[in-house]
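> Before I ask anything, here is the structure I am working with.
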Amino acid sequence: SAAVPNDVDPLIQQVVSESDDDQLLHAERHFSSFKATFGKTYATQEEHDYRFGVFKANLRRAKRHQALDPTAVHGVTKFSDLTPKEFRRNFLGLKRRLRLPADANKAPILPTGD
Amino acid sequence: LPADFDWRDKGAVTPVKDQGSCGSCWAFSATGALEGAHYLETGELVSLSEQQLVDCDHECDPEEYGSCDSGCSGGLMNNAFEYALKAGGLEREEDYPYTGTDDTCKFDKSKIVSSVSNFSVISTDEDQIAANLVNHGPLAVGINAVFMQTYVGGVSCPYICGKRIDHGVLLVGYGSSGFAPIRLKEKPYWILKNSWGQSWGEQGYYKICRGYNSCGVDSLVSTVAALHTSNK
Chain A
1 SAAVPNDVDP LIQQVVSESD DDQLLHAERH FSSFKATFGK TYATQEEHDY RFGVFKANLR
61 RAKRHQALDP TAVHGVTKFS DLTPKEFRRN FLGLKRRLRL PADANKAPIL PTGD
Chain B
1 LPADFDWRDK GAVTPVKDQG SCGSCWAFSA TGALEGAHYL ETGELVSLSE QQLVDCDHEC
61 DPEEYGSCDS GCSGGLMNNA FEYALKAGGL EREEDYPYTG TDDTCKFDKS KIVSSVSNFS
121 VISTDEDQIA ANLVNHGPLA VGINAVFMQT YVGGVSCPYI CGKRIDHGVL LVGYGSSGFA
181 PIRLKEKPYW ILKNSWGQSW GEQGYYKICR GYNSCGVDSL VSTVAALHTS NK
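Top line first, the protein sequences correspond to chains A and B. In terms of the working numbering, the first sequence has 30 at position 30, counting the first letter as 1, and numbering is strictly consecutive. In terms of the working numbering, the second sequence has 177 at position 177, counting the first letter as 1, and numbering is strictly consecutive.
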């Protein structure tokens with residue numbers, strides 16, 4: 001910090017966290033941008049409100065992912081209005097229960113030096 | 001092994017595709033591997049039909065009752081290779097285009113353009129994975145996709161990530177120097193082709209750290225070899 005002469009008003013910066021209203025405004029702005037970017041429309045107001053709730057949850061999830069995975073960038077994607085369950089059901093499809101057959105060919109070991 | 005390698009630079013990878021709302025990632029992973037193998041065999045890059053696999057491949061794991069490839073409900077790349085081996089091969093994308101829904105099989109054997117001659121699973125050793133990638137073309141791999149829903153770009157090196165694989169992608173290359181600022185060092189990474197369109201990730205691609213089976217990426221890796229089949 002720098003010393004401030006008595007005759008000069010020190011610059012006061014807000015150091016408290018954002019209010020809930022501010023966060024909601026940010027989320028609404030992000031959601032509007034998300035809908036425009038990915039061409040998302042919802043049939044009813046109820047559906048819209050539900051998806052907005054999911055979107056806000058995914059913003060928090062992206063923030064957690066960012067903390068756990070700091071070398072990548074996590075944020076809004078085209079899947080941001082889907083719950084994790086919807087995402088798994090509609091966009092993943094590797095059957096976990098399937099196992100490799102015991103008689104599957106094993107690739108020969110290749111040289112990797114030089 | 002080269003320090004950096006990318007099959008996209010060598011013309012062995014088709015443009016990023018979009019599976020839509022359909023759990024057919026396994027089909028895209030399998031066709032991607034066969035497209036690369038076909039390129040190595042013939043020098044020709046041909047986009048192959050995922051819809052043929054979605055509609056016609058119901059190959060089952062004989063060791064587990066009820067576990068069969070089932071279109072948009074999921075499947076496994078190795079089962080798809082087994083199907084392609086038995087059916088004779090795959091048609092071109094344009095001859096059997098993708099619709100993203102389960103439909104009846106319309107496979108026309110006379111339109112086969114690429115056939116499987118052999119496929120193998122690769123050990124979880126990362127040097128072996130890299131060696132097979134360089135020698136045999138892009139590889140079909142499974143991964144835990146939990147971090148992919150929110151991924152925008154960069155090299156993904158999650159501190160914690162499940163090893164339970166649930167998504168099929170295509171390993172097309174690797175790099176040696178993705179800088180990880182928070183760890184203050186260069187991190188090597190794999191380059192994965194996804195099937196969620198170009199608007200996802202880095203123009204449809206995902207970079208994930210190499211070195212510690214991150215998100216199970218080394219657990220299920222398969223290589224396939226192609227036969228050249230003339231399409232008259």
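Backbone N, C-alpha and C define an ideal beta-carbon position, used for all residues, glycine too.
Alpha carbon to alpha carbon, how far is E126 of chain B from G211 of chain B? Give it in angstroms, no decimals.
In the second sequence, residue 211 of chain B corresponds to position 211, counting from 1. In the second sequence, residue 126 of chain B corresponds to position 126, counting from 1. Approximately 7 Å, taken between the alpha carbons.
> Could you give the DSSP three-state label for D218 of chain B: helix, strand or coil?
Working through the second sequence from its first residue, we reach residue 218 of chain B at position 218. Residue state, collapsed to three classes: coil.
> I'd like to know whether the C-beta atoms of A72 of chain A and S156 of chain B end up nearer to each other than 8 Å.
Numbered from 1 along the first sequence, position 72 holds the residue referred to as residue 72 of chain A. Numbered from 1 along the second sequence, position 156 holds the residue referred to as residue 156 of chain B. For A72 of chain A and S156 of chain B, yes; Cβs fall inside 8 Å.
> Within 8 Å, do at least three Cβ pairs link the stretch 102-122 of chain B to the stretch 197-206 of chain B?
Output reads no: the stretch 102-122 of chain B does not touch the stretch 197-206 of chain B.
> For V134 of chain B, report the span of its alpha helix (DSSP H) as first-last.
Start at 1 with the first residue of the second sequence, and residue 134 of chain B comes out as number 134. Where V134 of chain B is concerned, the enclosing alpha helix (DSSP H) stretches over E126 to H136.
> How is H38 of chain B classed by DSSP in three states: helix, strand or coil?
Within the second sequence, residue 38 of chain B is the residue found at index 38, counting from 1. Note: H38 of chain B maps to helix in three-state DSSP.
> Between which two residues does the alpha helix (DSSP H) carrying V54 of chain A extend?
Within the first sequence, the letter at position 54 stands for residue 54 of chain A. Residues Q45 to L68.
> Got a sec? Which residues, its chain only, sit under 8 Å from T41 of chain A by beta carbon, not counting five neighbours each side?
The residue given as residue 41 of chain A occupies position 41 in the first sequence. Counting only Cβ-Cβ distances below 8 Å, and skipping sequence neighbours, we find K35.
> Following a CB-centred definition, is I109 of chain A positioned closer than 7 Å to any heavy atom of the ligand MN?
With respect to the ligand MN, the structure offers nothing, as it holds no ligand at all.
> Assign T112 of chain A to buried or exposed, taking buried as 16 or more other Cβ atoms, counted over all protein chains shown, within 10 Å of its Cβ.
For this step, residue 112 of chain A is matched to residue 112 along the first sequence. Label assigned to T112 of chain A: exposed.
> Along chain A, which residues have their Cβ under 9 Å away from the Cβ of K187 of chain B?
If you number the second sequence from 1, residue 187 of chain B lands on position 187. The answer, in chain order, is T71.
> Alpha carbon to alpha carbon, what distance is there between R29 of chain A and G93 of chain A?
Stepping through the first sequence from its first residue, residue 93 of chain A is reached at position 93. Stepping through the first sequence from its first residue, residue 29 of chain A is reached at position 29. C-alpha separation (whole angstroms): 33 Å.
> Mapping DSSP to helix, strand and coil, what is S32 of chain A?
As a position in the first sequence, residue 32 of chain A is number 32, starting the count at 1. Three-state DSSP puts S32 of chain A in a helix.
> Do E50 of chain B and A27 of chain B have their CB atoms nearer than 8 Å?
In the second sequence, counting from the first residue as 1, residue 50 of chain B sits at position 50. In the second sequence, counting from the first residue as 1, residue 27 of chain B sits at position 27. The answer is yes: Cβ separation under 8 Å.
> Using a Cβ-Cβ cutoff of less than 6 Å, which residues in the same chain neighbour D18 of chain B once the five nearest sequence positions on both sides are dropped?
One-based indexing of the second sequence puts residue 18 of chain B at position 18. Only G197 meet the Cβ criterion.
> Would D166 of chain B count as contacting chain A if we go by Cβ distances under 8 Å?
Residue numbering aside, residue 166 of chain B sits at position 166 when the second sequence is read from its first letter. Taking Cβ atoms only, chain A reaches closer than 8 Å to D166 of chain B, which makes this a yes.
> Where does the unbroken beta strand (DSSP E) through N118 of chain B begin, and where does it stop?
In the second sequence, counting from the first residue as 1, residue 118 of chain B sits at position 118. It spans I112 to V121 - the beta strand (DSSP E) in which N118 of chain B sits, taken as one unbroken run.
> Locate the beta strand (DSSP E) running through V237 of chain B, then write down its first and last residues.
No answer is possible for residue 237 of chain B: the residues shown for chain B start at 1 and end at 232.
> Residues of chain B with CB closer than 7 Å to the CB of K78 of chain A, please, in chain order.
Position 78 of the first sequence, counting from 1, holds the residue named residue 78 of chain A. Within 7 Å Cβ-Cβ: S199 and W200.
> Please classify R89 of chain A: does DSSP put it in a helix, a strand, or coil?
By 1-based counting over the first sequence, the position of residue 89 of chain A is 89. Here R89 of chain A sits in helix by DSSP.
> Quick check on DSSP: helix, strand or coil for W190 of chain B?
Walking along the second sequence from the start, residue 190 of chain B turns up at place 190. Looking at W190 of chain B - three-state DSSP - the assignment turns out to be strand.
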